[in-house]
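Below is one structure, written out as structure tokens; the observations come after it.
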Amino acid sequence: MVQKKKRTVCIIGAGIGGLTAGALLAQHRWHVKIFEKESVIGGRALTLDMSSLTINNYKEMLANFQMHIPFSEPSLEAIFQNNLLQGYHLDLGFHVFGGGITDNIKQATPDAFIDMIRSKLYTAKQGNPYLFATTTDKIKIIPNLLRLFLSGETTMSQLDNVSIKDMIKRYGNGKTKIILELNSRLITTVNNLDFISAGEVLRTQKKMKLRGVRYPKQGIKQVCRTLAESITKHGGELHLNNPVTKIHIEGGKATGILAKGKNHCCDAVVSTVLVQQLFTIAEKNHFPKDYVQHLQSLEGTGSLCAYYALTHVDKKVIGKNFVFIERNVGVDGKDAAGMVDLMSALPESGLAPPKQHLVQSYVICNPKEAQHQKTLEKLKEILDAQLENIVPDFRQHLKWAIYPAIRHLDGVAKTIENEKPDIKTPIDQLYLIGDCVKAPGIGLNCAMNSARLLQDVLIEK
Ligand SMILES: Cc1cc2nc3c(=O)[nH]c(=O)nc-3n(C[C@H](O)[C@H](O)[C@H](O)COP(=O)(O)OP(=O)(O)OC[C@H]3O[C@@H](n4cnc5c(N)ncnc54)[C@H](O)[C@@H]3O)c2cc1C
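Following this line, the structure appears as structure tokens:
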């Protein structure tokens, strides 16, 4: 039997999108070469070992991902000078996985096992946790939810240009209204219900069902590390500190890339670079003008996160994930939604030294608000008040707190105005994947699902 020649793919970026694509293609006789500009894998799904970072390294790493620290307690200088971060591992900012992730990981690395902490969604009052959707709630809302979950792709496409606000007016009362108001915000990382596409929310919600959230033990890096191991096991190459400076395009076809002064020819080029920045490495004049304008006009999402290092957390709440909507706080969309995660506070999360607990939280805002100090102050108050609701005496147990602000949490917001591009581009053999493109789910799931769509295109069945 004649063996087919291995084809080569150059993937730009070793974030979760690039690594998932690499792992999937390497299993199917593609020779995978991944080029990453940073010295570490993970992209925005990065876990930092804080024991070995200097304050300048930390600030630089955050800046590379369009983040900064507007507040901390004590000052960031004092935190570093007093070695308060020894033994801590921090993701770039708050991370948890929504439903659908296990299936994505299984597809990309069938033999690997990633140990995850799981939690349902809770709300809290004065230190007491309550399920966000109780069994009685679920029974009451089942007729409405069934109608939504059973809708097919045609119905969902028709709802793509309908705002979730309009849908809530039609279907939403009582608990269904609150669930739709909160979930649509958490699913899209957008507070303004006028901009959120009902079709997108339904599509994602259908995949997630009403499952809770997960967090990998040892941080989000576990997933990236497992994917990278699978790539190298199948003969793939990972080139770190290797920024791609040019995508070669000839006669409407991508033929290779330039990285660190060296040309690499290949049969497919896959970019995970933020689509707004694609034309810093691909010459605009090869693409239709309206395509260039469209990609450059797309908006991302933002948030303010908080990390709290606590010396004590009550058993009632540790290991649980809490959701909230704070009403009328003057942000875009008036109300602000977010999460406070205490799965990360469990000793088995591996994020804090012994007898210490790390709590992570975030509140949604838009990219402009993430740069506006007054808005950030308001959002910080919300995060502190939400933690106080869950751990009333948290200030007595607080060792330090760091609040990272993010201008680019999702590459492209899933809103009615922002139509995400397809993975196929107008250039032959050039594909876009990651959380900027049209794929089910949000954030990490969107990036992984886009890699699965690429697999369908590149692998002959
Ligand atoms: C603070 C924060 C919190 C988040 N929280 C969540 C969450 O709770 N749940 C969730 O689902 N999602 C969350 N997200 C979003 C999630 O992290 C992203 O959707 C996901 O990591 C995107 O993966 P990606 O591969 O598409 O892009 P990226 O991770 O951005 O990967 C792109 C990679 O390309 C590299 N690169 C760029 N240009 C070049 C070049 N020229 N040459 C070589 N390499 C290049 C970059 O360095 C990067 O490593 C969060 C994001 C942030 C920032």
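Just so it is clear: in the sequence shown, position 126 is 125 by numbering that gives the first Met the number 0, and no numbers are missing. Glycine included, every Cβ here is placed at the ideal spot set by N, Cα and C.
Going by C-alpha distance, which of the options is nearest residue i?
i: glycine 99; options: Val456, Ile458, Arg451; result: Arg451
i: threonine 244; options: Thr7, Ile11, Lys5, Arg6; result: Ile11
i: valine 322; options: Ala384, Leu257, Arg28; result: Ala384
i: asparagine 417; options: Leu91, Ser229, Cys435; result: Cys435
i: lysine 398; options: Leu23, Ile78, Ala62; result: Ile78
i: histidine 285; options: Glu180, Arg326, Thr424; result: Thr424
i: phenylalanine 194; options: Leu158, Asn172, Tyr170, Tyr214; result: Leu158
i: lysine 252; options: Glu228, Tyr430, Gly410, Pro128; result: Tyr430
i: proline 346; options: His311, Glu368, Tyr361; result: His311
i: histidine 407; options: Met166, Pro391, Lys367, Asp110; result: Lys367
i: leucine 443; options: Leu277, Lys174, Lys220, Leu341; result: Lys220
i: lysine 232; options: Glu298, Ile324, Pro109, Thr154; result: Pro109
i: proline 215; options: Gly318, Met115, Asp455; result: Met115
i: isoleucine 186; options: Val328, Lys413, Asn262; result: Lys413
i: glutamate 35; options: Pro242, Ala20, Pro287, Ile104; result: Pro242
i: glycine 301; options: Leu45, Gln204, Lys419, Met66; result: Met66
i: tyrosine 121; options: Val456, Thr153, Ile324, Ile432; result: Ile324
i: glutamine 359; options: Val95, Arg43, Asn82, Leu18; result: Val95
i: serine 50; options: Arg117, Pro352, Glu387, Lys377; result: Pro352
i: asparagine 127; options: Phe393, Ser343, Gln454, Asp313; result: Asp313
i: isoleucine 389; options: Met338, Asp409, Gln428, Lys419; result: Met338
i: arginine 202; options: Gly151, Met166, Cys223, Glu180; result: Gly151
i: glutamine 355; options: Ile246, Val411, Phe393; result: Phe393
i: glutamate 72; options: Ala400, Ile426, Val411; result: Ala400
i: isoleucine 54; options: Asn82, Leu303, Asp340; result: Asn82
i: valine 272; options: Leu303, Gln428, His371, Leu294; result: Leu294
i: lysine 5; options: Gly16, Arg28, Ala13, Ala20; result: Arg28
i: lysine 124; options: Leu179, Pro391, Thr133, Arg326; result: Pro391
i: methionine 155; options: Asn172, Thr135, Lys205, Thr133; result: Lys205
i: aspartate 266; options: His30, Ile405, Ala25; result: His30
i: lysine 419; options: Glu199, Val328, Lys377; result: Glu199
i: leucine 298; options: Pro287, Gln217, Gln275, Ile280; result: The sequence given here has glutamate at residue 298, not leucine. Among Pro287, Gln217, Gln275, Ile280, the Cα nearest to that of glutamate 298 belongs to Gln275.
i: serine 270; options: Gly218, Lys288, Ile104, Ile246; result: Ile246
Contact check, residue i vs residue j under 8 Å by CB: the rounded distance?
i: histidine 88; j: leucine 382; result: 20 Å between Cβ atoms; not a contact.
Once the 5 residues before and after residue i are set aside, which same chain residues still bring their CB inside 6 Å of it?
i: asparagine 448; result: Ala438, Pro439, Gly440
i: phenylalanine 70; result: Lys379, Tyr402
i: histidine 238; result: Phe34
i: cysteine 445; result: Asp434, Ala438
i: glutamine 454; result: Leu23
i: arginine 213; result: Phe96, Met115, Arg117
i: aspartate 421; result: Lys437
Give me, in chain order, the residues of the same chain whose beta-carbon lies closer than 8 Å to that of residue i; leave out the 5 immediate sequence neighbours on both sides.
i: asparagine 190; result: Arg184, Val330, Asp331, Gly332, Lys333, Asp334, Ala335, Ala336, Ile363, Cys364, Asn365
i: serine 162; result: Leu192, Asp193, Phe194, Ile195, Ser196, Ala197, Ile415
i: leucine 47; result: Tyr57, Met60, His88, Leu89, Asp90, Leu91
Tell me whether residue i sits in a helix, a strand or coil according to DSSP, three-state version.
i: tyrosine 402; result: strand
i: tyrosine 397; result: The identity of residue 397 in the sequence shown is leucine, whereas the question assumes tyrosine. In this structure, leucine 397 counts as strand in the three-state DSSP scheme.
i: isoleucine 186; result: helix
i: leucine 297; result: coil
i: isoleucine 11; result: strand
i: leucine 192; result: coil
i: serine 229; result: helix
i: methionine 0; result: At methionine 0 the pLDDT is 49, less than 50, meaning the model places this residue with poor confidence and gives no usable figure here.
i: tyrosine 290; result: helix
i: lysine 315; result: coil
i: methionine 447; result: helix
i: asparagine 327; result: strand
i: alanine 197; result: helix
i: glutamate 180; result: helix
i: cysteine 435; result: coil
i: alanine 77; result: helix
i: glycine 337; result: strand
i: asparagine 172; result: coil
i: asparagine 82; result: coil
i: valine 212; result: strand
i: leucine 89; result: strand
i: valine 456; result: helix
i: leucine 277; result: helix
So, at 7 Å on beta carbons, what are the nonlocal neighbours of residue i in its own chain, with the 5 sequence-adjacent residues on each side left out?
i: lysine 119; result: Leu130, Gly211
i: histidine 263; result: Cys9, Lys32, Gly255, Ile256
i: alanine 22; result: Ala107, Thr108, Leu226, Ser229, Ile230
i: valine 291; result: Phe278, Lys283
i: lysine 164; result: Leu192, Asp193
i: lysine 259; result: Asn241
Would residue i count as contacting chain D if we go by Cβ distances under 9 Å?
i: glycine 99; result: No chain D is present in this structure, which holds just one protein chain.
**Q.** Contained beta strand (DSSP E) runs [length at least 3] in the stretch 93-169, N- to C-terminal order
**A.** Counting whole runs of 3 or more residues, the stretch 93-169 contains the beta strand (DSSP E) stretches 115-118, 120-124, 127-130.
(Q) Just to confirm the assignment: which complete beta strand (DSSP E) runs, minimum length 3, are found wholly within the stretch 236-270? (A) Runs found: 236-238, 243-249, 252-258, 261-264, 267-270.
Q. Which ranges does the alpha helix (DSSP H) cover as unbroken runs of at least 4 residues, wholly within the stretch 13-69, from first to last along the chain?
A. With a minimum length of 4 residues, the continuous alpha helix (DSSP H) runs that stay inside the stretch 13-69 are 15-25, 54-63.
Q. Mind pulling the alpha helix (DSSP H) runs of 4 or more residues that sit fully within the stretch 345-422?
A. Scanning the stretch 345-422 from its first residue to its last, the whole alpha helix (DSSP H) runs of 4-plus residues come out as 372-389.
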